[in-house]
Amino acid sequence: MQITHSKVSEKADGTDPTEILPSDWNDQHVISGLETEITTGTDLNTIQTPGTYYQSSNVNATLALHYPCNLAGVLEVFSSAGIMQRYSSYDNTQVYQRTSYTGVWSNWSKIFPAISEVTTNEIGYKTGSVTLMGGLLIQWGTITITTVNGAVTEGWVTFPSTFNSNPIVTITANTAAPGSNVQEISYTGLTQSGFNAAIYRTGTAAATELSWIAIGQSP
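Residue numbers (the working numbering): 5 to 223.
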């Protein structure tokens, strides 16, 4: 980190090399050693003092110690309404964030700097979630329901991560018979953690895959 004094000296440098010169005072000063090493076996839940910390070994970055991934990296801790932690992997491929309020930690959410950097390989093809800047949480997935002829059949969907409040949900059927055998698709019982997917289908009982997407605010 670099700092510069707000007051600038107008004096010219003297000839004594043992003295601090005005140009030295006006120059930028580099401060190092402000980062704290995370020692082996330290649970990230216990690091709540604002500051910058680092883990230099992949072996020590374990899920059991509440790391978001098994990679060395930098942990930043901020004081807000509670405590916020942000963890950046050493290889600059993953950034995670979580918060603690009244002593309860939220799940880690992976943050992407730009939506163009989101790939299906990173977040999963049929089921996944992504948290964007500002806390916008987008989640998606599928559920397969075996239908009954002429009746509504249902199945419960659990979101990968809990929303801060009830999200907006869209659901559709992955079928070759829309509007004929598949008559209606809907959902009921929407909560922050999931919803009940429902389908009305005629004809022979069939396993029908439904795809859904939910958009809301992260905890």
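Built from N, CA and C at the ideal position, the CB exists for glycine as well.
Who are the near neighbours of THR166 in its chain, counting only those whose CB is closer than 8 Å to its CB and skipping five residues on each side? Around THR166, the same chain offers ASN111, GLN196, SER197 and PRO223 as residues with beta carbons nearer than 8 Å, after the five sequence neighbours per side are excluded.
Hey, how far is the Cα of GLY138 from the Cα of GLY207? Cα to Cα, the separation comes out at about 46 Å.
With C-beta atoms as the reference, is ILE149 less than 7 Å away from THR212? Yes, the pair counts as a contact, with Cβ atoms nearer than the cut-off.
Quick check on TRP160: buried or exposed, where buried means 16 or more other Cβ atoms within 10 Å of its Cβ? By the neighbour-count rule (16 or more Cβ atoms within 10 Å), TRP160 is not buried but exposed.
Taking the beta strand (DSSP E) that PHE82 belongs to, which residues open and close that run? Per DSSP, the unbroken beta strand (DSSP E) holding PHE82 starts and ends at 77–83.
C-beta contact flag for ASN178 and SER215 at 7 Å: Contact: yes.
Out of THR53, ASP20 and GLN101, point me to the one whose CA is closest to HIS70's CA. Among THR53, ASP20 and GLN101, the Cα nearest to that of HIS70 belongs to GLN101.
Of the residues GLN52, THR53 and LEU48, which one's Cα is nearest the Cα of ASN64? That would be LEU48, whose Cα lies nearest to the Cα of ASN64.
Which whole-angstrom value is the C-beta distance of TYR191 and VAL156, which I expect to be below 8 Å? That belief does not hold up - the Cβ atoms of TYR191 and VAL156 are roughly 12 Å apart, past 8 Å.
So for ALA68, helix, strand or coil by DSSP? When DSSP states are grouped into helix, strand and coil, ALA68 belongs to the helix group.
Less than 7 Å between the C-beta atoms of ILE172 and ILE115, yes or no? Not in contact: ILE172 and ILE115 (Cβ atoms no closer than 7 Å).
Classification of TYR91 by the beta-carbon crowding that lies within 10 angstroms, buried from 16 upward: The residue is buried, with at least 16 neighbouring Cβ atoms inside 10 Å.
Quick one: what does DSSP say THR146 is sitting in, helix, strand or coil? Here THR146 sits in strand by DSSP.
My understanding is that THR151 touches ALA209, with C-beta atoms under 8 Å, so please give their C-beta distance in whole angstroms. Between ALA209 and THR151 the Cβ distance is about 6 Å, and since that is below 8 Å, they are a contact.
According to DSSP, which residues form a beta bridge with ALA16? BP columns for ALA16 are empty, so no partner.
Roughly how many angstroms separate the alpha carbons of TRP144 and ALA76, rounded to a whole number? A straight-line Cα-Cα distance of about 29 Å links TRP144 and ALA76.
Closer than 6 Å by C-beta to HIS98: which residues in its own chain qualify, once you throw out the five before and the five after it? Chain order, please. According to the sequence as given, residue 98 is Gln; it is not His. Within the same chain, Cβ atoms closer than 6 Å to the Cβ of GLN98 are found at CYS73, the five residues on either side in sequence being excluded.
For THR176, tell me which candidate among GLY107, ASN170, GLU39 and ILE189 has the shortest Cα-Cα distance. Among GLY107, ASN170, GLU39 and ILE189, the Cα nearest to that of THR176 belongs to ILE189.
Give me whichever residues DSSP pairs with ASN178 in a beta bridge. The partner list for ASN178 (beta bridge, DSSP) reads GLU213.
Between the Cα of ASN168 and those of LYS130, LEU140, SER84 and GLN221, spot the shortest distance and give me the residue it belongs to. Ranking LYS130, LEU140, SER84 and GLN221 by CA distance to the CA of ASN168 puts GLN221 first.
Just how far apart, CA to CA, sit SER27 and ASP17? Those two C-alpha atoms are separated by around 7 Å.
Just to confirm, is the Cβ distance from ASN96 to GLU158 under 7 Å? Result no, Cβ atoms of ASN96 and GLU158 do not sit closer than 7 Å.
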